[in-house]
Amino acid sequence: MAATKPEKFSSLEVLNAAIVGCNLCPRLRSHSTEVARVRRKAYIDQQYWGRPVPSFGDPAARVLALGLAPGAHGSNRTGRPFTGDGSGDFLYPVLYEAGFASQPKAVSRDDGMQLTDLWITSVARCAPPGNKPTPDELRNCAPWLDRELSLLKNLRVVVCLGRIAFDGLLAHQARVGQLPARSAFAFAHAAEHTLPGGLIAIASYHPSLQNTNTGKLTRPMFLSIFQRARQLAAQPVSA
Ligand code: SF4
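Its first residue numbered 3, the sequence shown is counted upward by one per residue in this note's numbering.
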């Protein structure tokens, strides 16, 4: 990360503002702006966000939901994570039922949604072609996540939405010198891992339409992930 130094950002708000101006990945920036220019027919009257998508939630959160990347016509359109697409339509009702979200429906940045005890971010912050950021692009975006995690002072639990997010969290742990044996941490839906340093990772299938439409991830399965996250976050910190 040469053009920006996330470590200099002193708050999540300042960090978010800087992320929105990031241009480190030419392929992703070009794709996001092109999607925003052309637009989907259903949204032709809307102004797309088209920039890196800032994180969203409660700065005092004990739980983090870590996603993959913005959807081209979801958060790349609305400018808020998981807002305005099928993944978000699956996620937010579950967050509402688990007590993290103020309302079940997420449609735009100004729909009144508020999160309590939850912060939402992703390992890549620009919409990638085919929903697949390259390893280089994930590496470019990693310092933003590193800084973000250091600013979430109350964080206890990270819900990793999909294998790439799970790998992204492990890569973060390795970068900060808190992952001696990565092979000990395998991805499986609902698997829980206490990481060196005390953070608890819960792995979950990603709420993509590919998973939710096929029944690979059902609403009860997903709800139990966030109910468990809430339970773990409330446990006393061991000395
Ligand atoms: S994906 Fe991350 S590093 Fe790449 S341009 Fe977007 S915000 Fe910057």
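Just so it is clear, CB atoms sit at the ideal spot from N, CA and C, and this is done for glycine as well.
Original post:
Nearest CA to the CA of Gly1: which residue from Gly76, Pro61, Cys162?
Top reply: Outside the shown range of the chain (3 to 241) lies residue 1, about which nothing can therefore be said.
Original post:
Can you tell me the Cα-Cα spacing of Phe58 and Thr80, whole angstroms?
Top reply: Along the sequence shown, read from residue 1 onward, the residue named residue 58 stands at position 56. Along the sequence shown, read from residue 1 onward, the residue named residue 80 stands at position 78. Phe58 and Thr80: Cα-Cα distance of roughly 12 Å.
Subject >> Residue span of the alpha helix (DSSP H) that contains Thr35, given as start and end >> reply: Start at 1 with the first residue of the sequence shown, and residue 35 comes out as number 33. That run of the alpha helix (DSSP H) goes 28-40.
**OP:** Classify Gln175 as buried or exposed, calling it buried when 16 or more other Cβ atoms lie within 10 Å of its own Cβ.
**Re:** For the purposes of this step, residue 175 is identified with residue 173 of the sequence shown, where counting begins at 1. Gln175 comes out buried.
Original post:
If you measure from the CB of Arg74, is any heavy atom of ligand 1 nearer than 6 Å?
Top reply: Working through the sequence shown from its first residue, we reach residue 74 at position 72. Per the sequence presented here, residue 74 reads as Ala, with Arg not at that position. For ligand 1, not one heavy atom lies less than 6 Å from the Cβ of Ala74.
Original post:
Could you give the residue range of the alpha helix (DSSP H) that holds Leu171?
Top reply: Taking the first residue of the sequence shown as position 1, residue 171 is located at position 169. Unbroken alpha helix (DSSP H) run through Leu171: 165-177.
Subject >> Collapsed DSSP secondary structure at Ala183 in the structure displayed >> reply: Along the sequence shown, one-based indexing puts residue 183 at 181. Ala183 falls in the coil class under three-state DSSP.
Original post:
Would Gly170 be called buried (16 or more neighbouring beta carbons within 10 Å of its own) or exposed?
Top reply: Within the sequence shown, residue 170 is the residue found at index 168, counting from 1. With 16 or more other Cβ atoms within 10 Å, it is buried.
Original post:
With burial defined as no fewer than 16 other Cβ atoms inside 10 Å of the residue's Cβ, what is the status of Ala220: buried or exposed?
Top reply: The residue labelled residue 220 in the question sits at position 218 within the sequence shown. A small correction: the amino acid at residue 220 is Thr; Ala does not occupy that position in the sequence shown. Exposed: under 16 other Cβ atoms inside 10 Å.
**OP:** Rounded to whole angstroms, what's the CA-CA distance from Thr35 to Arg53? Just pull it up for me.
**Re:** Residue 35 sits at position 33 when you count from the first residue of the sequence shown. Residue 53 sits at position 51 when you count from the first residue of the sequence shown. Taking the straight line from one Cα to the other gives about 7 Å.
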